Every structure is written in structure tokens, then in C-alpha cells.
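Working notes, beginning with the structure itself.
There are 2 protein chains.
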Amino acid sequence: MFKTFSQTKIAPCSVARYKDAQSQRSGNPVLAETPKSTPVDAPLKAAKPTLRTIADLTGFAVTTVSRALSNAPQISAETRRRVHEVAAKIGYLPDRAAQRLKTGRTNVISVLLDPHEEILGYGTSLMLGIANALKDTPYHLIVTPSFVAGSNVDAIRHIVRNGMADGIIFSRTEPFDPRVRLLLEQGFAFVTHGRTDFSTPHPYVDYDNFTFAYEATKRLIARGRSKPTIILPPRRMTFCQHLQHGFMTAVREAGVAYEIPDDIDLDCPVDEIRDFVSRRAGLTDAPDGFVCGGEVSALATITGMSDRGLTLGAEYDIVAKQTSKLLVNIQPKVETIYEDLVDTGFRMGTTLLAAIGGETDPEKLQTLLKPTIVFPARG
Amino acid sequence: MFKTFSQTKIAPCSVARYKDAQSQRSGNPVLAETPKSTPVDAPLKAAKPTLRTIADLTGFAVTTVSRALSNAPQISAETRRRVHEVAAKIGYLPDRAAQRLKTGRTNVISVLLDPHEEILGYGTSLMLGIANALKDTPYHLIVTPSFVAGSNVDAIRHIVRNGMADGIIFSRTEPFDPRVRLLLEQGFAFVTHGRTDFSTPHPYVDYDNFTFAYEATKRLIARGRSKPTIILPPRRMTFCQHLQHGFMTAVREAGVAYEIPDDIDLDCPVDEIRDFVSRRAGLTDAPDGFVCGGEVSALATITGMSDRGLTLGAEYDIVAKQTSKLLVNIQPKVETIYEDLVDTGFRMGTTLLAAIGGETDPEKLQTLLKPTIVFPARG
DNA sequence: GCCGGTATTTATAACGTTTTAAATTGTTCC
DNA sequence: GGAACAATTTAAAACGTTATAAATACCGGC
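Structure below.
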């Protein structure tokens, strides 16, 4: 089970001749200079096959080959078969640049990266899901960071203005999000993580935060907590209202006391949340149940309460939104409701592809993911 | 400080006519149909200016304009000035597709995304940094996920084979990483986060994990801990050896007992680490000092120890690598040494650009980032 | 006023694809 | 045997840029 290592010598990465990283692309039609060449990876950079190559190989004209590959109707079945066969054999892949130049389609999806998404792999999970949806399509995923948090409308304007992508994905929407307004006005394909209050419908994938907050709060009350509270995201974001609404509904139904902290939110630095919770716990009428919109705030809450000598499960309970394996494995006493961000990304990807493909039915472009509630047996 | 909200009605996103997300790109030379048009964002999708536009406007030939914009030497100063002026005025931006088609350069950097990077914003921080380095260049950042963990050599082969990018960025290198071998063989520009043991040098940005582990271990010993241990990454990765080496050096120098768990690593699920720590703490001769390579493993360790009734700072200490604000703010008693991943990404970006630009001096393409040690005064 | 030479500009072709329009082949029918 | 027509295939042009090679303007010197 345990092993003692002898002190191993780390060979320093010796610095000798340095392989020129350039010198590619000299249109050598045969094989391009094979470098050291382990036999395995030798013939990689062979002459890149084009439509012309297939045309020469089959005897058809370039136009015919192009048509055959795009399965145009006027090509005979036999021709189509033969062309596809040869294309597959020589590993033909259409040149993105040429296609883009000719058609104006970029085959690019742009995902806007908010600095806030740095935390806890939110952005990464979403991207993984999106990439999964794009897997067997010609689409590439390019990430466009907005260096100024919140307002990446300039980045969007740039993408639209210069045709940098066929579609845009972004998160953290506000009720009258200027990004959504801009994209609707320009008729540019996009999908958001989160809804808006615009009267014109637009593609989105959202998590049902109302239900999350409602069920979470109910659970706290069912466990006998008499004063629930909720740590909300910044007020300007749409899903803040959904959370609040769900929380309030459960609270009203049960007729219990409650509290909504006003000067703290999920975007606050972790220590501020921790200190707030700790401070509040020291005053009278402190809450004994927490709905946490994220795992980090849940951890901050636990620490803050623990600073007052209060223990989770004994003096108070937490129900948190779970988006990774972090929280539940570290502190199993926190109850959670799961939001699958990889799946969310996947759905955003397919939704955007549908929108780009011309789908206009809002039914098919709007997804509200219901949380599945699986609380452990009452402990 | 606390505020009670009245139960707000959430207006459901009404579903009416749905704006066609397509119907772009009809080569309207003037302004393209202005949709609803808030006066602000109206003239966005104007006819995209090309070299031809500038040529017509200035009276020069297209070739001359191209040359002037690329600051070719044989263009007269006055011409260059005039062309730049007009280009700026009409907001000219060269067409990426045309440039790529003609030159073969893609102006694309590909970052490989390992599923393991999902945790704790590792990937996102790196990308943010890279994007920052690419900010004022024509380069775009495309993310290429490898769906099978660890071996994304196929993804790389695809990129190289089909000229999908000008350079590649990836992490988690192994001493004789097949990805590095492939790219060196093909003479393709890349930069890694982490070193290898190949005799041919290659561009990298790495964190000095030897020093990290050495200093962390020394700190534990200085605090009076008599049996340090270290939770290492998977053995196959290069930086595992660096960590181990640093740990062992400190241990040998001090002549203290130590222990290296063999069947647990940083990639293990959090609960496995927690359970392992807890189990071990229940046996004899348990370690009383932990060097943790990541924040998550540190949290797992705290919980595991806490399950045995052992408290951080009292019965044991932890020194962990810190890559976010999470850990220190949640549990300030953990001492940390910081690794700035955004900065790392930034350096990887500039390094790769240098490599693509033809730089071959290993001195300029290899960076080893020294941790700055700032431990609080002994408490 | 013409020469050689340099400085500057230009026309033309090409990158690999798709689109438009035209050409070729095959078939049926009188 | 050819007209009319459908089924296939094809040639040529275009997307916006850069590279090659050629043209033109400018200049001093004689």
C-alpha cells in the first residue's frame, strides 16, 4: 500500500540543436521531407488531396466530384459511389478556407468566455459538451474571451460585423440582455445558456432554477429547518429571479420565516461569502437552512458556519446546486441537486446547429432542463 | 443588510414569430436590410469592405493596397499612409478565408482539451491566458477536445495532416510523450505545459514543481511535522517525478521519516482520496504533514482527516499548490504556494507565436516558472 | 533627348472550392 | 433520322487574397 522511492535523478532536458518549427508547406507533391522518421509516423504530411486529385483519379471533372461529394441530386448513383470511394481511400477532406471563401459560411461556432466562468470548470464543462455536439460536423469551436466581464457585446459585434462565425454561444443572460438584442436585430444565429424577457423568442438551453430553488427550499423545511435563506447570483441576471421565485414559493407555501441576504452574491469572492455567513450566524434569528446556487458558495457557507462552531446536519442544513463531483465527495452531508453542464453544452451545440440549419420553430430551439430530485432517505 | 422580496411574477418568454437566423450573406452592396433597427446598432452588416473597396477609393491597384497594408518595403511612404488611412476609416479587415487559402497559414492556434482539465477551471484559466496573448494578433483560438483521456495523439495527427492550425498547445506531458514525438518529427509548431525527457529540445512553459515540493516539504518539517507525505499525480506524467524529487530532497536533508502513497493520485475521484486519507490516518505511524499537488486533493485530505477527528493545524498540516482563490478562502489554515495558470497560458501563447514566427533558440522558447514562496509568519 | 538604373506601381495567375450556365449523352417518339 | 426532352456531365467564373513577373515613372548623367 505504501512504497518508498529511492532518490531518482531527473535528467535535465538537454538543449541541443533545435528543430525548425517552420519550413512547412513547401508544396512538395510527394511526401515532404521525412525527418527522423520512426516508420510509424512517416507519411503524415503527404500532398494534401483536393477535388482535382479525385478528378484525375476518377476521370470526372472537378465540378462533378464536388457535386458527387455533396450528394447533389443530378449525379448518377454509380458516379457518386465511385467518387465517395476514392475520396475515402485517399483521405480527402475539403479545404475549409476554400469552402469558406466561396460560400461565406465559416463552419465556426464561437463561444464567449466570461472571466467569471473560470471557477470550478463551468466553462470547460460547457465547452466539452458543445465540442461533443460538434464532433461529426465540419464545425470548429473557437473561444472568444471577453476581457471586460459582463459586457461582451463588443466581441459579438465584431463577430457579426466581420463574419467570424456562423453562430454564437454565451451564458449568464440578463432579462433584457444587450447581446441578445443585438443578435436578434442582426438575425445572427445564437443560443444562450439562460433565458431573457424579450418578446421575440430566441434559442436557449436553460436549467429550471425555479424548480431547483423550490425543491431545495422545500427539502430544508421538510428537514425541520424554520428559517431558510438563499445565496443568489447577481440581481441583474435572469436566473436570479427564477431562483428567488422558487425560493419564495416554497417559503410562502410553508408559511415559515425566511431571509434573503442583499449584499452578497454568488459572484462575490469566496472569503466574502464565508465572512458574511459567519457574521450573520453570530447575530440573532440566524437562518438554519441554506440554498446555495453553487458548490463554492456551499463550501464557503460550511466554513463560515463552522467558524461559529455550528455543524452541518446538526444546527443547520444546506441544499446546493451540484455541477461537479467536488462538493458531494468532500462533504457528503450537503444535499445537492444536480445540473449537468456537459449535457447542457451538448444541447446548446445541437440547438445552435439546428438554428444555423434554418430551423425556426421555437419549440425545437428552446430547452428547459428539469432537475431530477434524488434526495437520500431522511437521515 | 437583509431584504424581503415580494413574490415577483416571472413573465414566460412568449413564443411568437421567430426571426430567421439565416438569410444572411446576400451580397447586398449597400447596407443589407436593416431589421427592427434601434438607431444604435443599425448599420452593422454593411457591405464588407475588401481590398477592392480600398483600391477603388484610393485609385491604387489591389496589389498596391495589399502591399501597403502589409508594409512591404517597395511602397512609397505617402501611398502607405493614404491606404492605411482609408482602411482604418472604412474598418477594413482582411478576409481570413482568402488569406488562409492563398498563404496556407491558418492563423489558428489549437488547444487540446483533456477531460481531466474539467476540474477547477484549469483549462479555462489556461485558455484565458492564451487568448490574452493572442489578443492583438490575427490568431484565433480553437479548442479541440480529446474525448479519450490522455491520448490525444489522434487529434494532433488530424490537425497536422489536414493543416487545421499553425500551432498546438497541450498539457500533462509525459517523459516520452508520443504527442511531442509526433510534432517534433513533423516539424510542427507547438508548446507544452510541462517538460519531457526527449533529447531534442522543444518549446514549453512549466512550473518548477521540484521547488514547489521541496519548499512545501521543508515548511512542513519546519512546523515540526515528523512524517510528511505527498499526494502525487499519476506516475506517467513528467511533473510527478519533479514533485517526487523535490519531496525526497527535503526529506533526505532533514532525515525525517516519510511515506508516499502508491495507490492514490491527483486524478483519482475526490472521494477515493478522502477515503484513503481517512483509512491511513486510522493505522499506526500515520503521516502528519501533507504536500498536496492540487486544491481539490487538499480539501479531500482535510475531510478525510476530519473524519478521524483530526484537525488541520493541530494534529497535522497541509501545504498545497494553489491555482485559484477557492482553497485559501475556504480554509485559510492550509498553507499554499501559488501557480498562476493565467500567466502560464499567456506565456504559452507568446512562446508559440515566437515558434511559429521562426524563433529557434531554445533559451527563448523554454520557460520554467519559479514559485514565489510567501508563507505567513509561523503561527 | 536618351541611357541605365532605381523606385514604385500594376496586371495576371493562383490557392480550392461552389455556382451558373452550357454542353454532352441517352431516350423516346413521330 | 431527327426533334424534343430528360439525365448527366462539364467549362468557366467567382470568392478575396498574395506571389510572380512585368510595366511604368522617376532620376541623374551624358
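For the protein sequence lines, the chains are A and B, in the order given. Residues in the first sequence are numbered from 24 upward in steps of one, following our numbering. Residues in the second sequence are numbered from 24 upward in steps of one, following our numbering. A virtual CB, placed ideally from N, CA and C, is assigned to each residue, including glycine. Treat the numbers as computed from the prediction; the structure is a model and nothing was measured.
If the cut is a Cβ gap below 8 Å, which residues of chain B does residue i touch?
{"i": "P138 of chain A", "result": "L151"}
Answer with yes or no whether the minimum CB distance from residue i to chain A is below 8 Å.
{"i": "I479 of chain B", "result": "Nothing can be reported for residue 479 of chain B, as the shown portion of chain B is limited to 24 through 402."}
{"i": "R75 of chain B", "result": "no"}
{"i": "K393 of chain B", "result": "no"}
{"i": "K250 of chain B", "result": "no"}
{"i": "K387 of chain B", "result": "no"}
{"i": "G217 of chain B", "result": "no"}
Measure from the C-beta of residue i to each C-beta in chain B and report whether the shortest distance is under 8 Å.
{"i": "S130 of chain A", "result": "What sits at residue 130 of chain A in the sequence shown is Asn, not Ser. No, N130 of chain A does not count as interfacial toward chain B."}
{"i": "N175 of chain A", "result": "no"}
{"i": "T87 of chain A", "result": "no"}
{"i": "K356 of chain A", "result": "no"}
Under three-state DSSP, which class holds residue i?
{"i": "Y361 of chain A", "result": "strand"}
{"i": "H216 of chain B", "result": "strand"}
{"i": "K32 of chain B", "result": "Here K32 of chain B scores only 33 on pLDDT, less than 50, and its place in the model is too uncertain to base an answer on."}
{"i": "K344 of chain B", "result": "strand"}
{"i": "V166 of chain A", "result": "strand"}
{"i": "Q389 of chain A", "result": "strand"}
{"i": "E282 of chain B", "result": "strand"}
{"i": "C315 of chain A", "result": "strand"}
{"i": "G190 of chain B", "result": "strand"}
{"i": "D405 of chain B", "result": "There is no way to answer for residue 405 of chain B, as the model of chain B reaches only from 24 to 402."}
{"i": "Y115 of chain B", "result": "coil"}
{"i": "S301 of chain A", "result": "helix"}
{"i": "R195 of chain A", "result": "coil"}
{"i": "T252 of chain B", "result": "strand"}
{"i": "V228 of chain A", "result": "strand"}
{"i": "V131 of chain B", "result": "strand"}
{"i": "L136 of chain A", "result": "strand"}
{"i": "L207 of chain B", "result": "helix"}
{"i": "L322 of chain A", "result": "helix"}
{"i": "L375 of chain A", "result": "helix"}
{"i": "L149 of chain A", "result": "helix"}
Would you mind telling me which residues of chain B sit closer than 9 Å to residue i, beta carbon to beta carbon, in chain order?
{"i": "R370 of chain A", "result": "Per Cβ cutoff of 9 Å: no residues; R370 of chain A is ~16 Å from chain B at best."}
Looking only at C-alpha atoms, which of the options sits nearest to residue i?
{"i": "A377 of chain A", "options": "A:Y162, A:F83, A:T234, A:T223", "result": "A:Y162"}
{"i": "I77 of chain A", "options": "A:E282, A:F213, A:R104", "result": "A:R104"}
{"i": "L392 of chain A", "options": "A:T367, A:A188, A:L164", "result": "A:T367"}
{"i": "L350 of chain B", "options": "A:D118, A:D79, A:V293", "result": "A:V293"}
{"i": "V203 of chain A", "options": "A:P226, A:T234, A:N185", "result": "A:P226"}
{"i": "L116 of chain B", "options": "A:L80, A:R184, A:T390", "result": "A:R184"}
{"i": "Y361 of chain B", "options": "B:I379, B:M187, B:D286, B:G316", "result": "B:G316"}
{"i": "E108 of chain B", "options": "B:L92, B:Q122, B:S99, B:A121", "result": "B:L92"}
{"i": "F211 of chain A", "options": "A:D200, A:E358, A:I191, A:A70", "result": "A:I191"}
{"i": "T196 of chain A", "options": "A:N175, A:T219, A:L205", "result": "A:T219"}
{"i": "L388 of chain A", "options": "A:F398, A:G372, A:T395", "result": "A:G372"}
{"i": "D137 of chain B", "options": "B:G114, B:T160, B:G127, B:V166", "result": "B:V166"}
{"i": "D285 of chain A", "options": "A:R303, A:S222, A:K112, A:P224", "result": "A:R303"}
{"i": "I182 of chain A", "options": "A:D200, A:G217, A:L205", "result": "A:L205"}
Using a cut-off of 9 Å between C-beta atoms, extract the partners of residue i located in chain A.
{"i": "N232 of chain B", "result": "Neighbours of N232 of chain B on chain A: none; closest Cβ ~10 Å, over 9 Å."}
Report the neighbours of residue i on chain B: residues whose CB is nearer than 7 Å to its CB, in chain order.
{"i": "K348 of chain A", "result": "P292, V293"}
Applying a beta-carbon distance threshold of less than 7 Å, which residues of chain A neighbour residue i?
{"i": "L322 of chain B", "result": "I353"}
Anything in chain A within Cβ reach of residue i, meaning under 8 Å, just list it in chain order.
{"i": "K71 of chain B", "result": "N185, G186"}
>> Against chain B, which members of the region 288 to 319 of chain A pass a CB distance test of less than 7 Å?
In response: P292, V293, D294, R297, V319
>> At a CB distance below 7 Å, what residues from the region 154 to 168 of chain A approach chain B? Give them in sequence order.
In response: A154, H163, L164, I165, V166, P168
> If you measure beta-carbon to beta-carbon, which residues of the region 110 to 129 of chain B are closer than 9 Å to chain A?
Replying inline: G114, L116, D118, R119, A120, A121, Q122, R123, L124, K125, T126, G127, R128, T129
> Closer than 7 Å, Cβ to any Cβ of chain A: which residues of the region 324 to 343 of chain B, in chain order?
Replying inline: T326
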